[in-house]
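In the working numbering, the protein residues as written are 1 to 163.
Take a look at the structure below.
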Amino acid sequence: TDYDVRVLLRFPQRVKNQGTADFLPSQPRHRWQWHSCHQHYHSMAEFSHYDLLDVTSGRRVAEGHKASFCLEDTTCDFGHLKRYACTAHTQGLSPGCYDTYNADIDCQWIDITDVPPGNYILKVQVNPKYLVLESDFTNNVVRCHIHYSGRFATASNCRIAQS
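Structure (structure tokens):
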């Protein structure tokens, strides 16, 4: 039996609510979807979008997205309290708090099977369709330099950037 072998660029993501208001799901609670493999509700269809860009031309060579998201206060800055958990009743991101996703979580990757070795830019955009109102959208994009050897990928120089 033949099996396709896929090469995945996996990476963690940590999102902070730097605003003064709660970041709440774009869909009402009755539209959230239960995911039995994760054992929790997902409240947004697309919370993050991932692009792998050619470092010279800026052309997209691969992409991915977080198909759905379970918003919760994973950790908070000193002086801020966790108020949201990944449940059927409360999801969101409080001011001064972070939602963290490890690199091994489903869909927390870009398929780079057909990408040749080289230098790239990983662009991660939160709230890419602007479905949740924010006071400032200019801090929603992070860009990282990626060096892909054909076997290993290393990230460096990750910075908040304009889209």
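Glycine is no exception: its CB is placed at the ideal position from the N, C-alpha and C atoms.
- By the neighbour-count criterion, in which 16 or more other beta carbons inside 10 Å mark a residue as buried, Ile112 falls on the buried side.
- Between the C-alpha atoms of Asn17 and Gly118 there is a straight-line separation of about 33 Å.
- A residue is called buried once 16 or more other Cβ atoms fall within 10 Å of its Cβ, and Arg60, having fewer, is exposed.
- By the criterion of a C-beta distance shorter than 6 Å, Leu93 is surrounded in its chain by Asn17, Phe23, Leu71, Asp99, once the five residues flanking it on both sides are discounted.
- Apart from sequence neighbours up to five positions away, the residues of its chain that approach Asp54 with a beta-carbon distance below 6 Å are Val61, ordered along the chain.
- For secondary structure counted as the beta strand (DSSP E) over 3 or more consecutive residues, the region 54-95 holds these complete runs in sequence order: 60-66.
- The C-beta separation of Glu46 from Lys123 comes to about 15 Å, leaving the pair out of contact by the 8 Å criterion.
- From the listed residues Met44, Ile110, Phe78, Thr56, the smallest Cα separation to Arg6 is found for Ile110.
- The shortest C-alpha to C-alpha distance from Gly19 to any of Asn139, Ile160, Gly150 is the one to Asn139.
- Judged by their CB atoms, Gln125 and Arg10 are not nearer to each other than the 8 Å cut-off.
- Between the alpha carbons of Ile160 and Cys144 lies a gap of roughly 9 Å.
- The shortest CA-to-CA distance from Thr56 to any of Arg31, Asp77, Ala155, Ile146 is the one to Ile146.
- A check of alpha carbon separations from Gly79 across Arg151, Thr87, Cys97 identifies Cys97 as the nearest.
- Within the same chain, and ignoring the five residues on either side of Val15 in sequence, the residues whose Cβ sits closer than 6 Å to its Cβ are Asp99, Val126.
- Exclusion of the five residues before and after Arg83 leaves Asp73, Ser94 as the residues of its chain whose Cβ lies within less than 7 Å of its Cβ.
- Beyond the five residues adjoining it in sequence on each side, Ser26 comes within less than 6 Å, by CB distance, of Met44, Leu131, Val132 in the same chain, given in chain order.
- About 20 Å separates the CB atoms of Ala85 and Pro12; that is not less than 8 Å, and the two are not in contact.
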